[in-house]
Each structure stands twice: as structure tokens, then as C-alpha cells.
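Residue numbers (my numbering): 12 to 140.
Single-structure report; data block below.
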């Protein structure tokens with residue numbers, strides 16, 4: 012299995028971890044009783060719970076693009092140093108992004124987001140070169 016596909020698998024694990032972190036932090040804020048019943052509207056989350064929710068939403072916005080890029084590189088046989096570096100950058104930056112967002116560290120968080128974005132761009136560049 013290629014490094015890009017392995018990193019795609021680890022990115023899925025990261026997504027699952029983020030879902031768990033967000034769900035439990037939300038439950039701690041609004042109560043587990045609220046999460047155990049049918050509900051239509053949840054009160055807005057604040058603090059760490061709100062930031063973890065937004066970090067998850069951000070992951071869910073970028074992950075499909077990353078996954079598609081990795082799969083296209085794999086299917087077309089364009090895997091190489093460029094795509095592997097891009098995949099590594101994406102995962103490392105996404106891992107770093109979660110605690111930075113949870114801790115409300117604004118500028119560094121944005122820089123790390125850009126590194127993840129650059130990772131996706133490198134994978135796409137591997138398709139074009």
C-alpha cells in the first residue's frame with residue numbers, strides 16, 4: 012500500500028477522533044441527557060466545545076478534497092515524492108490544527124491550515140507534472 016493511501020487511512024482515524032472529541036465536549040456542555048433524546052435544535056456551543064465543533068466542520072470541508080486527490084493520484088499511478096510529501100503535510104497539519112483551534116490560537120492556527128491546504132495542492136501538482 013502506498014504512503015498516500017496509508018495517510019488517507021490515518022486521516023479517517025483523525026476524523027473519527029475529532030467526531031468523538033466534538034460530541035463529548037458538546038455533551039459535557041449541554042448535558043448527556045440532551046444527547047440521549049430526539050432533538051431538533053441544540054443550543055449554540057461556546058468555548059472549547061464550540062471551537063472543536065468548528066474544527067470538525069473545517070476538517071469535513073477539506074477532507075473530501077484530500078481524499079479525492081489521493082485516490083486520483085493512486086488510480087492514475089502518479090504517486091511519488093510530491094504526492095507523498097503533500098499527504099504528509101496534510102495529515103501533520105490537520106493533527107496540529109485541532110489543539111491549536113481548541114486552544115484559540117488564531118495566527119498559528121491559520122498558518123497550519125495553510126500548510127494542510129498546501130499539502131492538497133502538492134498532491135494535485137503531482138497529477139500535473
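No residue lacks a Cβ here, since even glycine has one placed at the ideal position from N, Cα and C.
Exercise. Starting from the Cα of residue 120, find the closest Cα among 132, 103, 134, 91 and give me that residue.
Key: 103
Quiz item: Where does residue 27 fall in DSSP's three states?
Solution: helix
Practice problem: Identify, in the order they occur along the chain, each residue of the same chain with its Cβ nearer than 7 Å to the Cβ of residue 36, setting aside the five sequence neighbours on each side. | Solution: 59, 60, 63
Practice problem: Just the C-alpha distance for residue 77 and residue 98, rounded to the nearest angstrom, thanks. | Solution: 8 Å
Quiz item: What do you reckon, are the CB atoms on residue 67 and residue 33 nearer than 7 Å?
Solution: yes
Quiz prompt | DSSP state of residue 13 mapped onto helix, strand, coil | solution = coil
Quiz item: Is the CB-CB distance between residue 89 and residue 25 below 7 Å?
Solution: no
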